[in-house]
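In our numbering, the protein residues as written are 1143 to 1222. The beta carbon of each residue, even a glycine, is placed where N, CA and C say it ideally should be. Here is the structure we will look at, set down as C-alpha coordinates.
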(Lines of atoms letter the chains of each structure in order from A and count residues from 1; the text may use other names and numbers.)
(Lines give C-alpha, C1' and ligand atoms only; values in the text may rest on other atoms or scores of the structure.)
Protein backbone atom coordinates (compact mmCIF):
# COMPACT_ATOMS: atom_id res chain seq x y z
CA UNK A 1 0.00 0.00 0.00
CA UNK A 2 0.88 3.65 -0.07
CA UNK A 3 2.42 5.44 2.88
CA UNK A 4 -0.87 7.26 3.52
CA UNK A 5 -2.76 3.93 3.50
CA UNK A 6 -0.30 2.49 6.01
CA UNK A 7 -0.66 5.60 8.17
CA UNK A 8 -4.45 5.30 8.02
CA UNK A 9 -4.31 1.62 9.04
CA UNK A 10 -2.01 2.45 11.98
CA UNK A 11 -4.38 5.23 13.08
CA UNK A 12 -7.31 2.78 12.93
CA UNK A 13 -5.39 0.29 15.09
CA UNK A 14 -4.52 2.94 17.68
CA UNK A 15 -8.20 3.87 17.98
CA UNK A 16 -9.82 0.43 17.63
CA UNK A 17 -7.61 -1.24 20.23
CA UNK A 18 -7.13 1.73 22.57
CA UNK A 19 -3.36 1.60 22.08
CA UNK A 20 -1.82 3.76 24.78
CA UNK A 21 1.36 4.80 23.00
CA UNK A 22 2.54 3.68 19.55
CA UNK A 23 1.75 1.63 16.46
CA UNK A 24 4.80 1.20 14.23
CA UNK A 25 4.70 -0.44 10.80
CA UNK A 26 8.05 -1.49 9.30
CA UNK A 27 8.05 -2.20 5.56
CA UNK A 28 10.43 -2.19 2.60
CA UNK A 29 10.21 1.58 2.00
CA UNK A 30 10.73 2.57 5.64
CA UNK A 31 8.59 2.83 8.74
CA UNK A 32 5.43 4.64 9.77
CA UNK A 33 4.97 5.41 13.45
CA UNK A 34 1.67 6.68 14.80
CA UNK A 35 1.91 7.80 18.42
CA UNK A 36 -0.58 8.91 21.00
CA UNK A 37 1.09 11.69 22.94
CA UNK A 38 0.47 12.26 26.64
CA UNK A 39 -2.03 15.02 25.80
CA UNK A 40 -3.94 12.44 23.69
CA UNK A 41 -2.97 14.12 20.39
CA UNK A 42 -2.09 11.61 17.68
CA UNK A 43 1.05 12.28 15.65
CA UNK A 44 2.46 10.45 12.64
CA UNK A 45 6.07 10.07 11.53
CA UNK A 46 7.55 8.47 8.43
CA UNK A 47 11.20 7.49 8.11
CA UNK A 48 12.27 6.28 4.70
CA UNK A 49 14.65 3.39 4.21
CA UNK A 50 18.33 4.14 3.79
CA UNK A 51 20.15 3.20 0.60
CA UNK A 52 22.95 0.75 1.24
CA UNK A 53 25.40 -0.37 -1.45
CA UNK A 54 24.95 -3.82 -2.97
CA UNK A 55 26.72 -6.43 -0.86
CA UNK A 56 26.66 -4.27 2.29
CA UNK A 57 24.02 -6.47 3.96
CA UNK A 58 25.17 -10.04 4.46
CA UNK A 59 21.87 -11.31 5.86
CA UNK A 60 18.48 -9.99 6.91
CA UNK A 61 18.29 -12.47 9.81
CA UNK A 62 17.40 -10.53 12.95
CA UNK A 63 16.76 -7.26 11.10
CA UNK A 64 13.18 -7.01 12.35
CA UNK A 65 14.26 -7.81 15.90
CA UNK A 66 16.92 -5.10 15.74
CA UNK A 67 14.41 -2.63 14.36
CA UNK A 68 11.89 -3.43 17.12
CA UNK A 69 14.61 -3.10 19.77
CA UNK A 70 15.53 0.34 18.45
CA UNK A 71 11.89 1.49 18.46
CA UNK A 72 11.33 0.23 22.01
CA UNK A 73 14.57 1.84 23.22
CA UNK A 74 13.56 5.15 21.60
CA UNK A 75 10.16 5.04 23.31
CA UNK A 76 11.85 4.26 26.63
CA UNK A 77 14.23 7.22 26.22
CA UNK A 78 11.33 9.46 25.10
CA UNK A 79 13.05 10.27 21.81
CA UNK A 80 10.89 12.27 19.38
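Only counting runs of 3 or more residues, tell me where the beta strand (DSSP E) segments fall wholly within the region 1171–1211, in order along the chain.
Segments of the beta strand (DSSP E) lying fully in the region 1171–1211: 1172–1178 and 1184–1190.
Please state whether DSSP places residue 1165 in a helix, a strand or coil.
Residue 1165: strand per DSSP, three-state reduction.
Mind checking whether residue 1144 and residue 1213 have CB atoms under 9 Å apart?
For residue 1144 and residue 1213, no; Cβs fall outside 9 Å.
Please state the DSSP three-state secondary structure of residue 1143.
The answer is coil: DSSP assigns residue 1143 none of H, G, I, E or B.
Would you verify that the beta carbon of residue 1155 is, or is not, closer than 9 Å to some beta carbon of chain D?
Among the chains of the structure shown, chain D does not appear; only one protein chain is present.
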